[in-house]
Amino acid sequence: MRILPAIMLAVFLPSATLAADAPTRVRGTIQVRSDTMLTIATREGPSVEVALSPGYAIRGVSQASASDIKVGDYVGVASVPKSAGGDGAVEVLIFPASMKGTGEGSYPWDLQPNSTMTNATVSNAVQNVDGQRLTLSYPQGSKTVDLSPNIPVVTFTEASQEDLAGGATVFVPATKGADGKLSTKFVVVGKNGVVPPM
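Mind the numbering: the sequence shown is residues 2 to 199 in the working numbering, read in order.
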């Protein structure tokens, strides 16, 4: 199944810009999958059911490394404020070149309290004793984030319905209908033991 650009834009855009269609981001482990439904044990504890919309897309994530990040790359970086000042990255997604510009900008994110997501081009990358420091540039400005040596770094890879097996870890941007039920057009699934960190 191929990535649909509009779906990917919704995954990485701030909720405020999506109004009533803002995604409820579900993170957890698949308990049961049918042709039309995922039952997911969420990271918060409760299980939820998410309906799979016809033609839904699937994308996997594979392990990457901070050393793979180069100036000019387009990345998504979730970060939180550091007690000593500045921002520390929580995770990094290296986008394929074909997805450059997806959800570009910096906005609130719900991975952790006070976290933000910055989708931007790496304009500078400096290695230091504490890890790596990236300068992320986007049309409205720029942001500098520090990457610790053990930070999760992933990139997208191909995936199929067979990867949506019981026990697989997923990140699902779901939309809540008027009836309160969740549905999705896109699923990110971990492969080879990699957990989607976004």
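C-beta: ideal position from N, C-alpha, C; glycine also.
Using only the alpha-carbon positions, how far apart do residue i and residue j sit?
i	j	result
Ala65	Ile41	26 Å
Thr103	Pro82	24 Å
Gly142	Ala58	32 Å
Arg44	Gln113	12 Å
Gly109	Leu135	The displayed chain sequence assigns Pro, not Gly, to residue 109. Cα to Cα, the separation comes out at about 19 Å.
Ala166	Gly194	13 Å
Val190	Asp131	30 Å
Ser149	Gly89	8 Å
Pro47	Met38	16 Å
Thr145	Val27	28 Å
Pro198	Asn115	16 Å
Ala85	Gly168	38 Å
Leu53	Asn125	40 Å
Thr25	Asp164	22 Å
Lys101	Gly181	33 Å
Thr122	Lys192	26 Å
Ala34	Ser107	Residue identity check: residue 34 is Arg in the sequence provided, not Ala. About 34 Å.
Ser1	Asp36	Not covered by the structure: residue 1. The range shown for the chain is 2 to 199.
My guess is that residue i and residue j are in contact by the Cβ rule of under 8 Å, so how many angstroms apart are they, rounded?
i	j	result
Val173	Thr185	5 Å
Thr156	Ser63	6 Å
Val171	Ile31	6 Å
Leu94	Thr119	So it is not a contact: roughly 11 Å between Cβ atoms.
Gly56	Glu159	With 8 Å as the limit, Gly56 and Glu159 do not qualify as a contact, their Cβ atoms being about 17 Å apart.
Glu105	Pro140	7 Å
Determine the DSSP secondary structure at residue i, reduced to helix, strand or coil.
i	result
Met199	coil
Ser116	coil
Glu159	coil
Ala90	strand
Ala17	A caution first: Ala17 carries a pLDDT of 38, below 50, which makes its placement in the model too unreliable to give a value.
Ser99	helix
Pro67	It should be pointed out that residue 67 corresponds to Ala in this sequence rather than to Pro. Residue state, collapsed to three classes: helix.
Asp147	strand
Val188	strand
Taking C-alpha atoms, which residue in the options lies nearest to residue i?
i	options	result
Val76	Gly87, Ser84, Glu92	Glu92
Glu50	Asn193, Gly194, Leu183, Val188	Leu183
Thr117	Ala98, Lys101, Gly87	Gly87
Ala98	Gly73, Asp36, Gly61, Val78	Gly73
Asn151	Pro140, Gln133, Glu105	Gln133
Per the DSSP calculation, residue i is bridged to which residue(s)?
i	result
Leu165	DSSP output for Leu165 lists no bridge partner at all.
May I ask you to check if the CB of residue i is nearer than 7 Å to at least one heavy atom of the ligand ADP?
i	result
Val146	Looking for the ligand ADP in the displayed structure turns up nothing, as the structure carries no ligands at all.
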